[in-house]
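Start counting the sequence shown at 1; every next residue gets the next number (full-length UniProt numbering). Where is the CB? At the ideal position from N, CA and C, for every residue including glycine.
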Amino acid sequence: MTLAIAPTRDIATCRHLRRVVFIEEQGVPEADEIDDKDDTALHLLATEDGTPVGSARLLLIGDTGKIGRVCVLKSHRGTGLGAALIRAALEELRAQGMKTAKLGSQTHAIGFYERLGFVATGPEYMDAGIPHRDMLLTLQDRGGHSPP
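Structure follows, in structure tokens:
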């Protein structure tokens with residue numbers, strides 16, 4: 001088994017994965033899942049032996065990179081793939097010169113992101129009918145070094 005995570009322009013495959021996870025499994029309305037940001041975003045695609053199994057979308061806003069649309073197929077949850085996707089996203093954001101990473105975590109996943117260094121900020125809010133909280137992680141200190 002060979003797992004790979006790499007930038008991709010194959011937005012159709014990323015959207016298919018998101019459809020399976022968000023629309024079909026979690027009941028997110030299609031109108032909330034599909035937006036006009038895919039064409040300008042950076043996308044990461046996780047594959048196992050060439051088969052797509054997860055993806056993430058990165059939006060660059062000033063010096064903040066917003067990680068979103070992170071999804072892993074049910075068959076690959078609990079394998080460490082989600083953490084590997086987030087680490088790959090953070091490396092890509094650092095390579096793009098971003099100073100901060102931001103994401104909106106479903107509240108049940110806050111602990112997962114905290115283990116990766118994110119800190120929850122602000123109040124809980126609803127997104128696509130699911131409770132979320134914003135989370136932040138500093139990518140570089142003033143000396144230009146990444147935190148451990």
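- With a 10 Å radius around its C-beta and 16 neighbouring C-beta atoms as the bar for buried, classify Ile61 as buried or exposed. As a working mapping, residue 61 is identified with position 61 in the sequence shown. Classification of Ile61: exposed, given that the 10 Å Cβ count is below 16.
- Message: Just to confirm the assignment, what range does the beta strand (DSSP E) spanning Gly50 have?
- Response: On the sequence shown, position 50 is the one that residue 50 refers to. Run containing Gly50: none; DSSP gives neither H nor E here.
- Item | Thr13: first and last residue of the uninterrupted alpha helix (DSSP H) it sits in | Position 13 of the sequence shown holds residue 13. Here the alpha helix (DSSP H) through Thr13 covers Ile11 to Arg18.
- Message: Below 8 Å on the Cβ atoms is my contact criterion, and I expect Leu45 with Ala6 to pass it. Report the Cβ-Cβ distance as a whole number of Å.
- Response: The residue labelled residue 45 in the question sits at position 45 within the sequence shown. The residue labelled residue 6 in the question sits at position 6 within the sequence shown. That pair is a contact at about 6 Å.
- Could you tell me whether the Cβ atoms of Arg133 and Thr107 are closer together than 7 Å? Residue numbering aside, residue 133 sits at position 133 when the sequence shown is read from its first letter. Residue numbering aside, residue 107 sits at position 107 when the sequence shown is read from its first letter. Result yes, Cβ atoms of Arg133 and Thr107 sit closer than 7 Å.
- Task: Leaving out five residues on either side along the sequence, give the residues of the same chain with a beta carbon under 8 Å from the beta carbon of Arg77.
- Result: Here residue 77 is taken as the residue at index 77 of the sequence shown, counted from 1. Once the five neighbours on either side are set aside, Arg77 has no close Cβ partner at all.
- Task: Hey, could you find the ends of the beta strand (DSSP E) residue 151 is sitting in?
- Result: Lying before the first or after the last residue shown, residue 151 is absent from the chain, which here runs from 1 to 148.
- Mind checking Gly65: buried by the 16 CB within 10 Å criterion, or exposed? Position 65 of the sequence shown, counted from the start, is the residue given in the question as residue 65. Its Cβ being crowded by 16 or more others within 10 Å, Gly65 is buried.
- Query: Relative to the alpha-carbon of Ile130, which residue among Arg87, Thr79, Asp32 and Gly122 has its alpha-carbon at the smallest distance?
  - Reply: Taking the first residue of the sequence shown as 1, we reach residue 130 at position 130. Among Arg87, Thr79, Asp32 and Gly122, the Cα nearest to that of Ile130 is on Asp32.
- Item | Rounded C-alpha distance that separates Ile23 from Lys99 | On the sequence shown, position 23 is the one that residue 23 refers to. On the sequence shown, position 99 is the one that residue 99 refers to. Using only the alpha carbons, I get a separation of about 32 Å.
- Residue closest to Gln140, alpha-carbon to alpha-carbon, out of Ile110, Asp63 and Ile11: Locating residue 140 in the sequence shown gives position 140, where the first residue counts as 1. With distances taken between Cα atoms, Gln140 lies closest to Asp63.
- CA-to-CA distance, Leu103 to His16, given in whole angstroms: One-based indexing of the sequence shown puts residue 16 at position 16. One-based indexing of the sequence shown puts residue 103 at position 103. Whole-angstrom Cα-Cα distance: 21 Å.
- Message: Just to confirm, is the Cβ distance from Phe118 to Leu137 under 7 Å?
- Response: Taking the sequence shown and counting its residues from 1, one reaches residue 118 at position 118. Taking the sequence shown and counting its residues from 1, one reaches residue 137 at position 137. Result yes, Cβ atoms of Phe118 and Leu137 sit closer than 7 Å.
- Task: Tell me whether Ala109 sits in a helix, a strand or coil according to DSSP, three-state version.
- Result: Numbered from its first residue, the sequence shown carries residue 109 at position 109. Of the three classes helix, strand and coil, the one that applies to Ala109 here is helix, per DSSP.
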